[in-house]
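Chains B and A supply the protein sequences, listed in that same order. Residue numbers for the first sequence follow my numbering, so the first one is 752 and each next one is one higher. Residue numbers for the second sequence follow my numbering, so the first one is 711 and each next one is one higher. Note that the Cβ used here is the ideal one computed from N, Cα and C, for glycine as well.
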Amino acid sequence: MAFEFLTRGLELTSSREREALLYLKKHRILDLLVHLTSSILFHRPDKPREFLQDMLSRIKIAKITSVDFPYLIDDSNLVSMFEIMDPTNQGFITPVQYKEALKNLGLLDSDEVIDENLEVITKDYFRKDVARKTLKMWLSF
Amino acid sequence: MDATTAPHRIPVEMPKYGEQHHIFEMMQVPREAPPGLSLCLDPGVGNVAAPPWVAWQVQTDWSDWIMLQELLIHQPKEPIQFMLEHLERDNDMVPRIFILGPPASGKTTIAMWLCKHLNASLITLENLIWNKLSGLAIKALQIYEKEEAIPDFLLIKLLLERMSKEECVSKGWILDGIPETREQALMIQTSGISPRHVVVLTAPDTVLIERNLGKRVDPSNGEVYHTTFDWPSEPEVQNRLKIPLGISEEETVRRLMEYHRNITRILPSYPKILKIISSDQPCVDVFYQALTYVQSQHRSNAPFTPKILLCGPTGSGKSLQAALLAQKYSLINVCCGQLLKECVASNSNIGELIRPYFQKKMRVPDQIIIKVLSSRLKKQDCICYGWVLHGFPQDLDQANLLNSSGFMPNRVFFLNVPYDSVIERLTLRRTDPTTGERYHLMYKPPPTMEIQERLKQHPGDTEEKVKIKIDFFYRNSSLLEDFFDNVIYVNGDQDPYTVFEYIESGIIMPLPTKVAQ
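Dropping the structure here:
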């Protein structure tokens, strides 16, 4: 998501630059940096460098074991998010709202299409889908 | 979330924390960002819009990365491991300087002085080749001794080898006289070596030819001296000095021609980091200019809310400058005296507390002032747009109070104006009681004699009163100067727009990095 936005204005003039862009895209460096910065600003540690190193080591280990990624938004936050979008407690949200939520979380790739035919997105579906997408993104870092 | 872009409240700690720890420079985040995923904190406009969890986007200015730059240059297979190692090294701020210039411009002298001052390692062609420990260097030495030019690829390999050594990585490096041609410059760039500052010395050719005739070299440590401009004081050094080869007029002319051919094609490779310094001045001046430049950081796109403090004696122009700044950058002009008067006039509770002090012409106690000031500075517009404060603090106690309330400025300016100028500016002020127009007998005289007859002076503008206020300021100024770090001194004795430009440049440029001694 970050990648598409940031590289839209660029004119690629050389093969080295194109290589570099491909590298960024493949390893999703920009998304990783966005998450790291969000974590730093949220936690506001006294020693930012050490905090960053800590987070990176955790990611490194988590990649191998495939559990325990240092998520910023966890399940309870997702539940709160859903409840904000659904103030009257109908039990579901519209696809438009869902799409915006994914955009805000940075999980929506521009080429991914949300199935507009789904009339309602329930809380469980929301949580499961976001969790799945988040895991997929972290695994690719 | 609904598809709205209503601004959300961001805790003021976040931008403050970000600025303090240089998070933005470290991660290179931009001002603009896409809707729905960003924090817009444009210092000019100050529109704060963000999602409840702040997600920052990384910018696309290719010339300005640090960690990301390294990633792109090396493109490691394991980016996370690479980033861990990069953070471990913590060498973002070490000097990385190129010094270029024609022969006899003083490159070696400046390079050596900078090295001593910044504690970095010096790299020249000579010390690359005279390295007995490297196989590449021995090969290069053989070619050099045959009086042939060293091939570019060999030079680059030597450079890479030298720069990967521990001392260059951790303390930084200063490159003297390399690259000499455009091909070398391009090869250096593609191999991933990029300087943060490039200093180019210039001087007219005639000066250089003359100067070169007086060049002398100390063979024991390679230091360069001059018979007229830079003669060593110790007699042992004087006796040691030798005349180097190749300083005759014809030789210098030939080298100068080659230099001029090459330099115009090298300079465009370093567009934003170049500084040209004239070396046709005393060496100390050249050194001072070079040092200030390499200690300055380049403008980054990091978000920055200006929190400016203007200090100076009465009559130095603080209110005027504050008004100009507020107008140009949409900052909030916070004048302490004005604020207190507004409180009294609005008949609020605080105003009732302050009124007796005004009536008795006594100083309002610090606690009340800080209360009024905090409530103003905490307001949403001050946090968004930034502020310019003047008239407070006036002494060390007030400064400590300001600090403990959490409102430390990030730029502090002291306006220096000599006593006579202040007297001239203030004692010649007059007001016309009929129209309310303000005049100055020297800078803005009244147009007709009729108006001049009826002008009156404010009782606070008499010389005695002004003198008391100035003395009060100077009694406390040195303590205040010590209290704040990185104070910028401005010569206030000039016309307002010059002073304004100077203050502007102080705000826009990042504060100079302190050199680790």
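Counting the other Cβ atoms within 10 Å of the Cβ of T1002(A) gives fewer than 16, which makes it exposed. Residue environment analysis places A847(A) among the buried positions, since at least 16 neighbouring C-beta atoms fall within 10 angstroms of its C-beta. Taking a cut-off of 8 Å for Cβ pairs, the region 881–894 of chain A and the region 806–823 of chain A touch, as three or more such pairs fall below it. Inclusion of V1122(A) and F1194(A) in the CB contact set at 8 Å is warranted, their separation being smaller than that value. For N1201(A), the enclosing beta strand (DSSP E) begins and ends at 1197–1201. With respect to the 8 Å criterion, S989(A) and L911(A) are classified as neighbours on the basis of their beta carbons. Chain B has a Cβ within less than 8 Å of the Cβ of L781(A).
Note on geometry: alpha-carbon atoms of F843(B) and K854(B) lie some 18 Å from one another.
Between the alpha carbons of I898(A) and S831(B) lies a gap of roughly 53 Å.
The Cβ neighbour count for M888(B), taken over all protein chains shown within 10 Å, is at least 16; the residue is labelled buried.
About 7 Å separates the Cβ atoms of L794(A) and S808(B), confirming a contact at the 8 Å cut-off.
For L803(B), the neighbours in chain A by C-beta distance under 7 Å run, in chain order, L797. For M822(A), there are no neighbours in chain B by C-beta distance under 9 Å, as the nearest C-beta there is about 32 Å away. Contacts between A771(B) and chain A, judged by CB atoms closer than 8 Å, involve L782, Q785 in chain order. Nearest Cα to D1192(A) within the set F1117(A), L1030(A), A1109(A): A1109(A). Among the CB atoms of chain B, none fall inside 8 Å of the CB of L1035(A). Following the DSSP letters along the chain, one finds F997(A) in no beta strand (DSSP E) but inside the alpha helix (DSSP H) bounded by residues 993–1005. When the five nearest sequence neighbours on each side are left out, the beta carbons in the same chain lying within less than 6 Å of the beta carbon of L1221(A) are those of N1196, in order along the chain.
Looking only at E855(A), L869(A), I1133(A), the smallest Cα-Cα distance to E1174(A) is reached by I1133(A). Annotation: the continuous alpha helix (DSSP H) that includes L1083(A) extends over 1076–1087. Not one beta carbon of chain B lies nearer than 8 Å to the beta carbon of Q852(A).
Residue contact with chain A for R809(B): absent (no Cβ-Cβ distance below 8 Å to any residue of chain A).
Secondary structure in the region 1001–1068 of chain A: the alpha helix (DSSP H) runs of 4 residues or longer, each lying completely within the stretch, are 1028–1039, 1046–1055 in chain order.
Straight across, the Cα-Cα distance linking H778(B) with P789(A) is about 8 Å. Annotated three-state conformation of W883(A) is strand, per DSSP.
Taking C-beta separations shorter than 7 Å and ignoring five residues to either side along the sequence, the partners of R1086(A) in its chain run V1044, L1049, C1092, following chain order. Collapsing the DSSP output to three states places K982(A) in coil. For the set P799(B), A813(B), I872(B), the Cα lying nearest the Cα of F833(B) is the one of I872(B).
In the DSSP assignment, V1098(A) falls within the unbroken beta strand (DSSP E) covering 1097–1100.
Judged by beta-carbon spacing, S901(A) lies within the 8 Å limit of L870(A), meaning their Cβ atoms are closer than that value. DSSP places R878(B) in the helix class (H, G or I) of the three-state scheme.
Proximity of chain B to Q791(A) at the Cβ level (cut-off 9 Å) is accounted for by L807, K811, in chain order. Taking a beta-carbon distance threshold of 8 Å, L794(A) counts as an interface residue toward chain B. Check the Cα spacing between Y849(B) and each of K814(B), V881(B), S765(B), Y822(B): the tightest is with V881(B). Minimum Cα-Cα distance from N828(B) among the listed residues T839(B), R878(B), I812(B), P846(B) corresponds to R878(B).
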